[in-house]
Each structure stands twice: as structure tokens, then as C-alpha cells.
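Quick notes on the structure that follows.
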Amino acid sequence: MKTIPAVFAYTFKEHVRHKAWLSSALFGLVLLAGSLVVSALAQDERARLMLDLGLAAIEAISLIGVVFLTVNLILQEVESRAIYLILTHPVKRSDYLLGRFLGTLSAVAVSMAGMAVMHAVLLGLYGGAAPGRYLAALACVLGKTAVMGALSLLLSLALTSEAAAMAFAVFLWLLGHFSSEMRFLADRSGSSLLNTTIVAFSHAAPDFARFNYRDFWHQPAPPAEWLMWTAIYVFAYTGACLALSVQLFEQKEF
Amino acid sequence: MMRLRWLGAAAALFVLALFAGSRMRRLHEPRFPSLSELKAGPFAFQDAAMAAAGFRAPAADLAWIQLLQYAAGGVPELPDRPGHPYEHLANLSLRVTRLDPSFHRAVLYAAGILAWFHGIERPDEAADLLNEGMHRSPEQPLYALYLAALAFKKQGDTDRMVALLESSVDLPDTPTTMKAILANLRQSRGEYREALALWIRILDNDRDRSEHARAKLKIVELKALLARPVPKKR
Amino acid sequence: MNAIRFQRVSKIYRRSHLGRTTETAGLVELDLDVPKGEVFGLLGLNGSGKTTAIKLLMGLHLPTKGEVETLGRRAPDIEVLAKIGYAPEAAYLNRTLTGRENLRLFAALSGIPRAEREARAADMLEKVGLGKAMDKRLSEYSKGMLQRASLAQALVHDPELVILDEPVTGLDPLAIKEVRALILWLKGKGKTVLFSSHDISEVERVCDRIGILSGGRLVKVIKQDEWRGKPDYLEAAFAAAVTRTDGVGPIRME
């Protein structure tokens, strides 16, 4: 575990110095500014639009960022062989993977935080949003980002192709928002085998629709206990993906 | 032999995730209609794509803007037939509410225009919209209030209808357009003082910015009307 | 205790493509002991198994058969890796970091206490002649500077065993002389050094023993006594021992 901070630190620095990270952060700010313009068309619902579009922009940029960065996280170091020098030091492969993942997630979280600060300032000009709920919505966005990041990392190690891993990551993102639809389909299917298969898929895929707080912000708020279970879900699902990633990574030869 | 301890850890964590997921579902279920209930039409792909990607609220917001654009002057994808003004208004409002049922304003706005806008007079369509809104969001009091006002309208009891509508003016979800419609309704009944008071409330409310320009003109007009001497009864 | 032990080690590479599996022997029945304090050179043509042997020592590959030991423990051993310094044939370092940051990273990964890392990183970079460039990013380094940085990371933690994969390939004569002096200096400090090379003239100047690999097999081990004073001995022994397996014929201008 002692080597995790060192791996975390160099990963974070690597991303923050990368032009793609800077470009995506700037693009996020552009999207936020765009939401300010678009919301002007919304008449008496301007504040609502700014909230929704701003949080959606933060999530979209974070998602694209985390998928792109984690899919390339290990594959790029393998291709450049920089991984040789890391793994030939006394670093457990699990520590290396965890350090790389946390460094990447932190870099994305920093860009999210920057966008959130700008968003909050803009919202403040138009009535603001309940700070507790806003933070809860951001926390859920970060949770989704963490789960997607862990999934993308697992896919990149399982598939060893960046393009295929990204495509599957996007597929799982969509599937994760279809969980209730899948259960609806399962109920309607005539075959018990199909029912079981669909239900299994709906549970295996991350249940993003459930903690898409940003989307059901305007509905009656869930209880505080819900947030606690959401956090547990995020940690457990992310942890499961990382554990599978370590299992795959430990078998790899370079 | 492959060490499978990480596989075991993954399985245990996955079971924990499933348990946490079931607790989440039990504590809170987001109230969204199924994707199959989204309105078909020229914007169906936009709505489905955004909803599938988990962006229902932004999709509803964009649908709201398109509804406003339609109400302001029409959109090329949905032309009204001659003699059928606001033909697609109800559908566009349903489009918003089926993406996000908490977007009450879309229903109230469209219902207000269909029921009370001068020259439209389609209370049944308005009632259908309000009923759907109430079915999806029963906690919103304005749906029941507007339905009651419609019932008074059908009975011909305009006094009670107007009083009921005015009681809702300061509620946060009341559309600005509805306030303007009510003010015009008061004016058409010769109730200039009440109409003036409504336009002043609109002007004082930051949220009703879209009607501020009209409010200023109406205030001048109504003040002039009130300043006119009342003809003596013989 | 031997610093390095290969006990009947074989490494077979299996590749599957379109339903067909091909097997390539990287190493075949390698038996080799390198005692502590010895400088051992591995000579061989391209594809003879030199890098495979080194990767097995460093845990980047796992043997198909047999056992590999480093410093008395079965490879790879996390604790033993802290006592090994490895420099691959090219400088596979992170180019977004500076020289100092790279060395600090490897010092951290090697378990050097935080209070000492900065000083040891700076000291090692000075020793390899990169004192003035230590705060430049590695993307700005020349090839020679990168090789020096690679050597620096191999030595920053004062390892007992130093493994160098083709350390003089692509270097200018002055740099080659410096690497030779470094190897002799390490030997003088009682370190064990294993290095692979194509260059017979380099190995004969510094090694105590030389092993010749051909087609994955250790075909000959020659002691220093056998070639000392006989200028063409090693060259003749090498030519007699190796068989070309790369499908390339000899150059004959007759």
C-alpha cells in the first residue's frame, strides 16, 4: 500500500499536464457558458435549465474524460513500455492499478470541481440552488464517473483494444440507464429463461438510472439514507471492477 | 495455478453492490414514464437518445424551449393547419411531461393557454393534460386547482373561476403566461383595478421577466382606463 | 547464496490467431547460476533469449517450466525487487515528468524514506551527468540523456544486483566508456551485475564470465581465464556456438 501515493501522484501529474485534459476542462467551461445562453430562451424556467444543463455538461465532460483516460491508462504504458520500470520495482500490481485509477479519478474530479464552481457562480446569479442537494447531485455524478472509470479500466484489460473498450463502455453506460426498462421487458417476456437472462443483465450492469440524482432533482427528494446506500453501491461496484481488473492484470506478461 | 483471491473479492463486492442497489430501489424510485411512453414525432430521436443516455431532465428542458418557440410563432417541423391555432400545443406539453413529470410548468402553461387564452377555448384538451399531470405528480396542487377552475368555467361560474385562479398567482409553479391571461380576463370583465394589481405583481416578480415589457404597457393602459370619469347613471 | 539462479527454465510463447496456435521457444532448459559479486555477460544474436531471461528475472514474464531465483528467493519477489536495479534496452521513462520527478518516483517505489528521496534523486542525477537537466521534462532529453536517466533510476536505491539489458546499444564511444567504468565501479562495490549485449569487445573487458545464448539455449559459458590474452578467442567461440534463426544468411563478398 505504501507505493499507492507515489503512483497516484505521478498519474495525477501526468494527466494534468496532458493537453487533452486541459482541452476537455476548457470545453466543459464552454458548455457551461453555452447553457447560460440556451437558458435565456426558457422564459420563467431559466434557473431550472441552467441547473439541468450545467450539471449535464459537467457529467458529460467527466464521463468522456474518465472513459478516455482509463481506457488508455494501462494500455498506453504497456505500449510505451514505461510499465516495465514500474513493475520491476517493489510495487504490487494491485497497488499500481489502484494508484493509477485513483490518480485518474482525482484528475477528473478536479476538472469537475472547477466546472462546478463556475456553475455555482452562474446559478447564484439566477437564484441559486439548495447547496446540500447540489452537492448530493455532484456526488452522484462523481459516483457515476468512478463506476464508469472502473468499468472502462476492466474492459481495457479484458479486451486489450482501446476502441473496443470505449465502445463497450458507452454500451454499458446506456445499458445502465435502461435497468427499469429491462425489468419491464423481462416481466413481459413469455420465456422464463429470457426473463432470468434479462434480469441478470439488468442487475449486472451498473444501475445508473437509480442514482441519476441530477435527473430527478425536481422530483421529491430521496431520504438521506438513500445517499448512504448510493455511496455503498458506488464503492462496492467500483471495487468489484477493480478487483477483477487486478485479477486480469496479475496474469499479464509484458 | 491461478490465484483467484481477487475473483473472490470481486464476487463479494458485487453481492454487496446488489444489496445496496436493492436498498436504494426500496428507498426511492425516480418517477419517470417508460421510454415507450415518450411522444412520437419529429423530435422523437432527440428525446430517445437523450433519455437513453440518462439526460431526461435536459431533454425535457430542450423540449420546453421548443414548446415556447412553437407557442411564440411556430416551429417548421410542426406547422398548424389553417384555422387550427396551437394545434400541437397539447402534444408538445405531453412531450415535456413524459420526459420529466416534475416539469409541471409545461402542463400548466399549455393547459392555461388551451383553457383560457382568448380565441382558443379548448377546455377538454386542457383537462386531459391536467389529468395526466396529476396522475404523474399528485403532489402538485395546481393541477387540481386548474381542473376545479375549469369545472367552474363549464358551469358558467366565472366569478368563482377567476377567484380560484387568482388564489394561485403567487404559487411558485404558476406560469407567467397564466398570470397575464388572468389579468387580461379581469380587464375583459371591466375589473380594471384587479387587473392593474395583477400586472403590478407581475412587474414586481423577477421570475416573470418575460412579461415585464408588456406589464409596463398594460399598467399605463389600465391607469388611463381607471382615470377616465365614470359615466353618470341616469 | 547465488544472486541469480535459473533451474531448468523454459519459456514457451503461445500465440493464437484464427484458430491456430503457434509456439515459439524463448528459452529452453536454461541452467545458470550467477554468484554474488560476479559480472556476468549474456551474449547472443537477436531473438536468442537474452531479453526473455532478463524479463524472467524481473517478473515481467513467468516461466513455462523450471524455477527462477533472485537473491535466494523465487522470482518475482516484491521484497527482493527493492534490491535489484534494472535498466532496459531503451529508456522507458515517463516523458511528462522531469528527471528529478522520475527519480523521486522510483526512489519512492523502491522504499527509500521520504526524507531521503529528494537528496538521493538529485545526487544520482548529478552522478550520471544530468545535474543541469534534472528539472527539464524527459520529452526534452536527447537519447543519451534518457539512457543516463534510465541508469540513474536503476541505481538510485543502491541495489545489490544490477541488471542491464544492452546498456551500450546506440551510445557514442565516450558514453560506452563511461558505462564500462560504471560496471567496473559496481563490481568494485561488491555488486552483482548481469548485462546482455551484442558487443563482444565490451563484454570481454568487464565480465568475469560470459554465457552465449543461441535459439533459447545456453550453449556455452566461458570464464575470463579462457579468453584473457587471446584477442579473437571470444569472437571465434561465439561464431562457433551460435546458429542464425532469423532467416538471414551471412554476408559473403566473394
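Residue numbers (our numbering), protein chains in the order written: chain A, 1222 to 1475; chain B, 144 to 377; chain C, 2 to 255. We put the CB at the ideal spot given by N, CA and C, even for glycine.
Distance from the CA atom of Ala306 (chain B) to the CA atom of Leu325 (chain B), rounded to whole angstroms, is 10 Å. Here DSSP, grouped into helix, strand and coil, assigns Glu30 (chain C) to strand.
Going by beta carbons, Gln1264 (chain A) and Leu211 (chain B) fall inside the 8 Å limit. Neighbours of Thr97 (chain C) in chain A, taken as residues at a C-beta separation under 8 Å, are given in chain order as Lys1234, Glu1235, Arg1238 and His1239. Residue pairing from DSSP places Tyr14 (chain C) in a beta bridge opposite C:Thr25. Assignment of Ser215 (chain C) by DSSP, reduced to helix, strand and coil, places it in the strand class. The DSSP-derived three-state label of Ser198 (chain C) is strand. Taken through DSSP and simplified to helix, strand or coil, Gly255 (chain B) comes out as helix. A residue is called buried when at least 16 other Cβ atoms come within 10 angstroms of its Cβ; Glu264 (chain B) does not meet this threshold and is exposed. For Tyr87 (chain C), the uninterrupted beta strand (DSSP E) segment begins and ends at Ile85 to Ala88. The beta carbon of Ser111 (chain C) sits closer than 6 Å to those of Ala83 and His158, all from its chain and outside the five residues before and after it, given in chain order. A Cβ-Cβ contact shorter than 8 Å links Val1237 (chain A) with Ala1328 (chain A). Beta-bridge annotation (DSSP): Phe186 (chain B) is not paired with any residue. Interface annotation for the region 155 to 167 of chain B against chain A: Leu156, Phe157, Leu159, Ala160, Leu161, Ala163, Gly164, Arg166 and Met167, criterion Cβ-Cβ distance under 7 Å. Residues of chain A with a Cβ closer than 7 Å to the Cβ of Ser111 (chain C) are, in chain order, His1310 and Pro1311. Considering only beta carbons, the part of the region 182 to 205 of chain B lying closer than 7 Å to chain A consists of Ala195, Ala196, Gly197, Phe198, Arg199, Ala200, Pro201 and Asp204, in chain order.
Along the region 62 to 120 of chain C, the alpha helix (DSSP H) occurs as fully enclosed runs of 4 or more residues at 79 to 82 and 100 to 110, listed in sequence order. Annotation for Ile252 (chain C): no alpha helix (DSSP H) segment contains it, and DSSP assigns it neither H nor E. Judged by pairs of C-beta atoms under 8 Å, the region 162 to 173 of chain C does not touch the region 127 to 142 of chain C, as fewer than three such pairs exist.
DSSP assignment within the region 1268 to 1344 of chain A yields the following whole alpha helix (DSSP H) runs of 4 residues or more, N-terminal first: 1303 to 1308. Your pair Asp1428 (chain A) and Ala200 (chain B) does not check out as a contact, with CB atoms roughly 18 Å apart and the cut at 8 Å. Lys221 (chain C) carries a strand assignment under DSSP once its states are collapsed to helix, strand and coil.
Ala153 (chain C) sits close to Leu104 (chain C), with the two beta carbons spaced by under 8 Å. Residue contact with chain C for Thr1381 (chain A): absent (no Cβ-Cβ distance below 8 Å to any residue of chain C). Within the same chain, Asn103, Leu139, Leu147, Ala150, Ser151 and Gln154 come within 8 Å of Leu94 (chain C) by CB-CB distance, once the 5 residues on both sides are set aside. In terms of CA proximity to Gly50 (chain C), C:Gly216 leads the group C:Gly216, C:Asp34, C:Ala242 and C:Ala240. Taking the Cβ atoms as the reference, Pro1444 (chain A) lies roughly 6 Å from Leu170 (chain B), within the contact range of under 8 Å. Counting only residues of its own chain and dropping the five nearest sequence neighbours on each side, Thr22 (chain C) has a CB closer than 8 Å to the CB of Arg15 and Arg16. In summary, the residues of the region 1290 to 1307 of chain A whose CB is separated from some CB of chain C by less than 9 Å are Glu1298, Ser1301, Arg1302, Ala1303, Ile1304, Tyr1305, Leu1306 and Ile1307, in the order they occur in the chain.
Under DSSP, Asn3 (chain C) shares a beta bridge with C:Pro36. According to the DSSP assignment, Asp166 (chain C) belongs to the beta strand (DSSP E) that extends over Leu162 to Asp166.
In terms of Cα proximity to Leu1276 (chain A), the closest of A:Tyr1355, A:Leu1374 and A:Ala1241 is A:Tyr1355. Not one beta carbon of chain B lies nearer than 8 Å to the beta carbon of Phe1475 (chain A). For Gln330 (chain B), the enclosing alpha helix (DSSP H) stretches over residues Thr319 to Ser331. The C-beta distance from Ser1260 (chain A) to Arg1267 (chain A) rounds to 5 Å, short enough to fall under 8 Å.
The Cβ atoms of Val312 (chain B) and Arg352 (chain B) do not sit closer than 8 Å to each other.
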